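S.K.: Residue numbers (our numbering), protein chains in the order written: chain W, 1 to 229; chain L, 1001 to 1228.
Just so you know, even glycine gets a beta-carbon here, dropped at the ideal spot from N, CA and C.
Please read all numbers here as calculations on a predicted model, not as lab measurements.
Pasting the structure below:
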């Protein structure tokens, strides 16, 4: 084993970890912000409202993230309209395309997680709020949504970890995230074990940190649902 | 619309399906072994299985695949050289891909099978033993059929995730759907058309799988459904 080369390239790995964390934060945040209203639409009575959202989550959840990334990064460039548009400087950048594809992907899963939590709201909570004279919008904003978002935390924690693993695909479109750095180091020194095990350990520590973070969030916001001892 | 590349894409789809099914077979074997280890009374065996599942769930599949592919390449050639074999050996991306995906989903199936085993009430096993059945007979007649029923929902979920993760074998150069689409996209300069076609094919596989598992679920849960 030759870990000298790894030590020499440690700054590169740390830079990669920063890139991975940035990709993760941007895509999770973008996905979550859009997923909240979509989850409400997903449960709407009107077919015209829940139909398109269902189709979106079905298509995204039924296809690989790599295909979605390639559709955004390589696919969109096929159209002259896109190449001539004001958005082209962004859509031709691997960084922006990776963030966009990851956000579109995690948004679909998050929508289903929140929509499921919304559906599982105890009827009594809604009836009590209505009996107090709250309007439908108020019930959603003050009672149903806060309660559903709390109950969604455990599933959302899983989704965040899967998304962390998903960000490794950014290396396929030339970005230097943790995986990208490992591939670069391996191709320069030909030390696959050291290069990829280091990357694996970095991902493992981020995963464990995320698990700890979500456990803390559960203790903070789900204390009322914990079994009493 | 596909400029004559439809046959090539379908050929790639065959490779994708072969990778998925071969990986599933390995994952099932590893999953059963892992579940047996986790339920075993031997502490070190249970600990080993826990390390396996924790490691796999903490590291992206692409990193494991690159490690197996490039690391395997190095290892195989090192061993071959020591054995006095001079020629350079290329590791087949199909084998590296199948081993990796099988290894990863073996960890997920470990949890699935462990849960399914626990879900069968132990009174049933005790009763069967009291009837004079051997341990193998209890497993075959009582535990295994019910385990399948309990494992089915999670198994179906894991299969869908597994199918989607086969896309990354294109990164180590296997000629699957993604590679074929990339070649066609390069030749025709229509990447959107071909990657969209791959998306549709993946969607067809996942949709068909969901229908198949739905049917299987209805069949195996007949006994536990209220009659009417």
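Scan the stretch 1112-1198 of chain L and note each continuous alpha helix (DSSP H) run of 4 residues or more that stays entirely inside, going in chain order.
M.R.: 1122-1130, 1144-1165, 1177-1188
S.K.: Does the beta carbon of residue 182/W come closer than 9 Å to any beta carbon on chain L?
M.R.: The residue given as residue 182/W occupies position 182 in the first chain. Yes, because at least one Cβ of chain L sits closer than 9 Å to the Cβ of residue 182/W.
S.K.: Assess contact between the stretch 1137-1151 of chain L and the stretch 1164-1175 of chain L, defined as three or more Cβ pairs (one per stretch) separated by less than 8 Å. Is contact present?
M.R.: With the cut-off at 8 Å, the stretch 1137-1151 of chain L and the stretch 1164-1175 of chain L do not touch.
S.K.: For the stretch 1095-1126 of chain L, which residues have a beta carbon sitting closer than 9 Å to at least one beta carbon of chain W?
M.R.: Answer set for the stretch 1095-1126 of chain L: empty.
S.K.: Helix, strand or coil: how does DSSP classify residue 133/W here?
M.R.: Residue numbering aside, residue 133/W sits at position 133 when the first chain is read from its first letter. In this structure, residue 133/W counts as coil in the three-state DSSP scheme.
S.K.: List the residues of chain L whose Cβ lies closer than 9 Å to the Cβ of residue 37/W, in chain order.
M.R.: For the purposes of this step, residue 37/W is taken as residue 37 along the first chain, with counting starting at 1. Those do not exist, as residue 37/W stays about 25 Å from chain L at its closest Cβ, beyond 9 Å.
S.K.: What in chain W is Cβ-close to residue 1190/L, meaning under 7 Å?
M.R.: Within the second chain, residue 1190/L is the residue found at index 190, counting from 1. Under the 7 Å cutoff, chain W gives 78.
S.K.: Consider the Cβ of residue 102/W: report whether some Cβ of chain L lies at a distance smaller than 9 Å.
M.R.: Taking the first chain and counting its residues from 1, one reaches residue 102/W at position 102. Not an interface residue.
S.K.: Checking 9 Å against the spacing of the C-beta atoms, do residue 111/W and residue 57/W come in under that value?
M.R.: The residue labelled residue 111/W in the question sits at position 111 within the first chain. The residue labelled residue 57/W in the question sits at position 57 within the first chain. Result yes, Cβ atoms of residue 111/W and residue 57/W sit closer than 9 Å.
S.K.: From 1073/L, 1008/L, 1066/L, pick the residue whose C-alpha is nearest to that of residue 1089/L; which is it?
M.R.: Numbered from 1 along the second chain, position 89 holds the residue referred to as residue 1089/L. Checked all of 1073/L, 1008/L, 1066/L; the closest Cα to residue 1089/L is 1073/L.
S.K.: Is there at least one Cβ from chain W nearer than 9 Å to residue 1024/L's Cβ?
M.R.: To locate residue 1024/L, count along the second chain from 1; it is residue 24. No, because no Cβ of chain W sits closer than 9 Å to the Cβ of residue 1024/L.
S.K.: For a contact defined as C-beta to C-beta under 7 Å, what are the partners of residue 1202/L on chain W?
M.R.: If you number the second chain from 1, residue 1202/L lands on position 202. Result: 62, 63, 64, 67.
S.K.: Buried or exposed: where does residue 1215/L fall if 16 or more other Cβ atoms within 10 Å of its Cβ makes it buried?
M.R.: In the second chain, residue 1215/L corresponds to position 215, counting from 1. Exposure of residue 1215/L is indicated by the presence of fewer than 16 other C-beta atoms within 10 angstroms of its C-beta.
S.K.: Quick check: residue 1097/L and residue 1023/L, are their CB atoms within less than 9 Å of each other?
M.R.: Along the second chain, one-based indexing puts residue 1097/L at 97. Along the second chain, one-based indexing puts residue 1023/L at 23. Closer than 9 Å, so yes.
S.K.: Mind listing which residues of the stretch 1062-1078 of chain L have their C-beta closer than 7 Å to chain W's C-betas, in chain order?
M.R.: Those residues of the stretch 1062-1078 of chain L that come within reach of chain W (Cβ to Cβ, closer than 7 Å) are 1062, 1063, 1066, 1067, 1070, 1071, 1074.
S.K.: Which residue marks the beginning of the alpha helix (DSSP H) containing residue 1030/L, and which one marks its end?
M.R.: To locate residue 1030/L, count along the second chain from 1; it is residue 30. Taken as a continuous stretch (DSSP letters only), the alpha helix (DSSP H) holding residue 1030/L covers 1006-1039.
S.K.: Taking CB distances under 9 Å as the criterion, tell me whether residue 1168/L reaches chain W.
M.R.: Here the question's residue 1168/L lines up with position 168 in the second chain. Cβ-Cβ to chain W under 9 Å: yes for residue 1168/L.
S.K.: Quick one, which of 1033/L, 1115/L, 1005/L has its alpha-carbon nearest residue 1155/L's?
M.R.: In the second chain, counting from the first residue as 1, residue 1155/L sits at position 155. It is 1115/L.
S.K.: Counting only beta-carbon separations shorter than 9 Å, does residue 215/W have a partner in chain L?
M.R.: Looking up residue 215/W in the first chain gives position 215. It does not: the Cβ of residue 215/W has no partner Cβ on chain L nearer than 9 Å.
S.K.: Would you call the stretch 1046-1058 of chain L and the stretch 1121-1129 of chain L in contact, with 3 or more CB pairs under 8 Å?
M.R.: no
S.K.: Counting C-beta neighbours from all protein chains within 10 Å, is the total for residue 215/W 16 or more, i.e. buried, or is it exposed?
M.R.: Mapped onto the first chain, residue 215/W falls at position 215. Answer is exposed; the Cβ neighbour count stays below 16.
S.K.: Mapping DSSP to helix, strand and coil, what is residue 110/W?
M.R.: Stepping through the first chain from its first residue, residue 110/W is reached at position 110. Three-state DSSP puts residue 110/W in a helix.
S.K.: By the 10 Å Cβ neighbour count, where 16 or more other Cβ atoms means buried, how is residue 242/W classified, buried or exposed?
M.R.: In the structure as shown, chain W begins at 1 and stops at 229. Residue 242/W is therefore absent and cannot be evaluated.
S.K.: Using three-state DSSP, classify residue 1058/L as helix, strand or coil.
M.R.: As a first step, residue 1058/L is located in the second chain; it is residue number 58 there, counting from the start. DSSP places residue 1058/L in helix when its eight states are reduced to three.
S.K.: Would you check if there are 3 or more beta carbon pairs closer than 8 Å linking the stretch 182-201 of chain W to the stretch 122-132 of chain W?
M.R.: no
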